[in-house]
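2 protein chains.
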Amino acid sequence: MLNSEKPIGVFDSGIGGLTVVKKLQASLPNERIIYFGDTARVPYGAKSNDTITEYAIQDADFLINKNVKMIIVACNTVSSVALNILQERYNVPVIGMIEPGTDLALSSTENKNIGVIGTYSTIRNKAYSKMLTAKNSDLNVFEKACPLFVPLAEEGWTDHKATYLIAREYLSEFREKNIDTLILGCTHYPILSNVIQEVVGEDVKLIDSGTAAAATIEKHPELEELLSKKIVSGNHEYYVSDLPVKFKTIAERFLGRTIENVEKIDPEQL
Amino acid sequence: MLNSEKPIGVFDSGIGGLTVVKKLQASLPNERIIYFGDTARVPYGAKSNDTITEYAIQDADFLINKNVKMIIVACNTVSSVALNILQERYNVPVIGMIEPGTDLALSSTENKNIGVIGTYSTIRNKAYSKMLTAKNSDLNVFEKACPLFVPLAEEGWTDHKATYLIAREYLSEFREKNIDTLILGCTHYPILSNVIQEVVGEDVKLIDSGTAAAATIEKHPELEELLSKKIVSGNHEYYVSDLPVKFKTIAERFLGRTIENVEKIDPEQL
Chain X
1 MLNSEKPIGV FDSGIGGLTV VKKLQASLPN ERIIYFGDTA RVPYGAKSND TITEYAIQDA
61 DFLINKNVKM IIVACNTVSS VALNILQERY NVPVIGMIEP GTDLALSSTE NKNIGVIGTY
121 STIRNKAYSK MLTAKNSDLN VFEKACPLFV PLAEEGWTDH KATYLIAREY LSEFREKNID
181 TLILGCTHYP ILSNVIQEVV GEDVKLIDSG TAAAATIEKH PELEELLSKK IVSGNHEYYV
241 SDLPVKFKTI AERFLGRTIE NVEKIDPEQL
Chain Y
1 MLNSEKPIGV FDSGIGGLTV VKKLQASLPN ERIIYFGDTA RVPYGAKSND TITEYAIQDA
61 DFLINKNVKM IIVACNTVSS VALNILQERY NVPVIGMIEP GTDLALSSTE NKNIGVIGTY
121 STIRNKAYSK MLTAKNSDLN VFEKACPLFV PLAEEGWTDH KATYLIAREY LSEFREKNID
181 TLILGCTHYP ILSNVIQEVV GEDVKLIDSG TAAAATIEKH PELEELLSKK IVSGNHEYYV
241 SDLPVKFKTI AERFLGRTIE NVEKIDPEQL
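For the record, the sequence lines run as chains X and Y. Residue 1 is where the first sequence starts when you use this note's numbering, and the numbers rise one by one after that. Residue 1 is where the second sequence starts when you use this note's numbering, and the numbers rise one by one after that.
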């Protein structure tokens, strides 16, 4: 098999990464994707860095054993904690969410006021603000953890009054900061983008991880070279460490299409 | 060591069980308690029954190795899925949350209309409604999953407008059913009892798992006999499989006092 015809591996702590897969499938239609979601141990967002790193290695090893040509870490929490360790461990490219989101935000902002929202872990680790200011010291970055957005997205409360109230609680401070760009630093958040957009204002550009990752892959020659020149045969494959209640409903909401070829992997065997 | 002077073991998928510990410490002040919270793998509420059972056995084995005289499963999800398996596995009493809550609800209700709220897993397994109607066929039981209550309790949004809105969305149907008793079928929910009480009405009796478990232990002679007749020396001990962000803050909110003697156990070693 040509290297370019191998699949792209994508993993996440759960199903949030399916919003990234959705964007990749739209932007890179030639590619076959193998997805792993660690649904038995989700969420990672409030776990310690040691635990997150241990789980991330198990998740990525699983994809490596599927002979993938690159790994996309479709989880901002893992990207902010364990990306370097994964990049050192494997001899295929490992792409996190932080740098693509940072680059897209930098190309979007005009007034240099950028907001970032994410889980406790991502915000506590200052993953985005560190990389943003490393690339451009002339920025004002405002970060905010929004932990209730994940359960609201999974519940599908995308248009509920309570979701607007919670979004206003979390996001109204960004209005005062006059941001023109907001990084959705968690792969669950695109599900709530309508609410988020309304609360922060229609003039604020929302940066989602999937769009940013696809842009990064197409922009870097050494990654672009790995892409297939024709449609790769075979179906996308989805693996999860648990098949929770309502999995199919939620997964299809995130992926934006019906989900087939889902197989459960015992987390003890990871 | 006298059997009665051994500690009581309590476990939960995370920290919710600390609301049970709080009630036990108030009702059974002579007892020393060893708590295990599987914070690395929380929440169990949306996981499959196989996974829940596997984790529950690991959690309970950990307590058995601490030489406990009885095990309290301070997790409604585990109680509804795996209690029988645990009771067969060990030669100490294993007390779940379902029967104590059922018994207390039966002694509380006058109009025979009982509501039950819990996680998806507890409600889907119809744990409470099966046991309620097995004990009294002349009841109307109304069940409702309230999945957003767990993250709201952990966030400590006990008085936020959004919490009231969400509670009204979940609970307003109980008003029409004319319930006089509501079982809080998840050990996180007592944290939100003020909101829940206001939404369902002040005349509805709320049944919490900790109060119910303490009542069960004191009522059954073979359990009561295991209780210590004097204050057992030694501190309560708390073990968790992860020390997440804000653990201490949240744990102390649930326990109602400062938490000392917390030790992290690697979940791989369970």
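Beta carbons are placed, not taken as given, at the ideal position from N, Cα and C, and that holds for glycine.
| Asked | Found |
| --- | --- |
| 9 Å Cβ cutoff met for X:L184 and X:I166 | no |
| CB contact flag (Y:V150, Y:L182, <9 Å) | no |
| The region 183–198 of chain Y / the region 104–118 of chain Y touching (three or more Cβ pairs under 8 Å) | yes |
| Within-9 Å CB hit, X:Y120 to chain Y | yes |
| Closer than 9 Å to chain X by CB, Y:H160 | yes |
| Straight-line Cα distance separating X:V200 from X:R89 | 40 Å |
| Buried or exposed by the 16-neighbour rule on C-beta atoms within 10 Å, applied to Y:N194 | exposed |
| Proximity of X:L67 and X:P29 at Cβ, strictly below 9 Å | The sequence shown places Asn at residue 67 of chain X, not Leu. Their beta carbons are not under 9 Å apart, which means X:N67 does not touch X:P29 by this criterion. |
| Chain X contact for Y:T53 (CB, 9 Å cutoff) | no |
| Through-space distance from Y:E260 to X:M1, alpha-carbon basis | 57 Å |
| Under 7 Å from the C-beta of Y:K47: neighbouring residues of chain X | A40, D242 and P244 |
| Chain Y residues whose Cβ lies nearer than 7 Å to that of X:E155 | P147 and L148 |
| When Y:A46, Y:E31, Y:R32 and Y:E99 are compared against Y:C146, the one with the closest alpha-carbon | Y:A46 |
| Nearest neighbour of X:L243, chosen from X:N111, X:S172, X:T19 and X:D38 [CA to CA] | X:D38 |
| Chain X within 9 Å of Y:I33, Cβ atoms only | no |
| Distance CB(X:I57)-CB(X:A82) smaller than 9 Å | yes |
| Interface residues of chain X facing Y:L165 [CB-CB closer than 7 Å] | K161, A162 and L165 |
| Where X:D61 sits in the DSSP three-state scheme | helix |
| Where X:T102 sits in the DSSP three-state scheme | helix |
| DSSP three-state assignment for X:K230, whether helix, strand or coil | coil |
| CB contact below 9 Å: X:L192 versus chain Y | no |
| First and last residue of the uninterrupted alpha helix (DSSP H) at X:G45 | Premise fails: X:G45 is in no alpha helix (DSSP H) and is neither H nor E. |
| Members of the region 167–182 of chain Y that neighbour chain X once the beta carbon cut-off is set at 8 Å | E169 |
| Option nearest X:A212 by Cα separation, candidates X:E198, X:V92 and X:S108 | X:S108 |
| Distance between beta carbons of X:T163 and X:L132, contact taken as under 8 Å | Not quite, the Cβ-Cβ distance comes to about 27 Å (not below 8 Å), so this is no contact. |
| Nonlocal neighbours in the same chain, by C-beta distance under 6 Å from Y:G234, ignoring five residues either side | R32 |
| Residue range of the unbroken alpha helix (DSSP H) whose run includes Y:A26 | L18 to S27 |
| Counterpart residues of X:K264 in DSSP-defined beta bridges | X:V240 |
| Pick from Y:E110, Y:E143, Y:D138 and Y:S137 that is closest to Y:N125, judged by C-alpha positions | Y:E143 |
| Nearest neighbour of X:L139, chosen from X:N178, X:T77 and X:Y238 [CA to CA] | X:N178 |
| Straight-line Cα distance separating Y:I123 from Y:N76 | 10 Å |
| Three-way DSSP call (helix, strand, coil) for X:M131 in this model | helix |
| Neighbour list for X:P151 in chain Y, Cβ cutoff strictly below 7 Å | P147, L148 and P151 |
| Simplified DSSP assignment, three categories, for X:Y35 | strand |
| Test: Y:E268 CB closer than 9 Å to a CB of chain X | yes |
| Cα-Cα separation between X:V94 and X:H220, rounded to whole angstroms | 13 Å |
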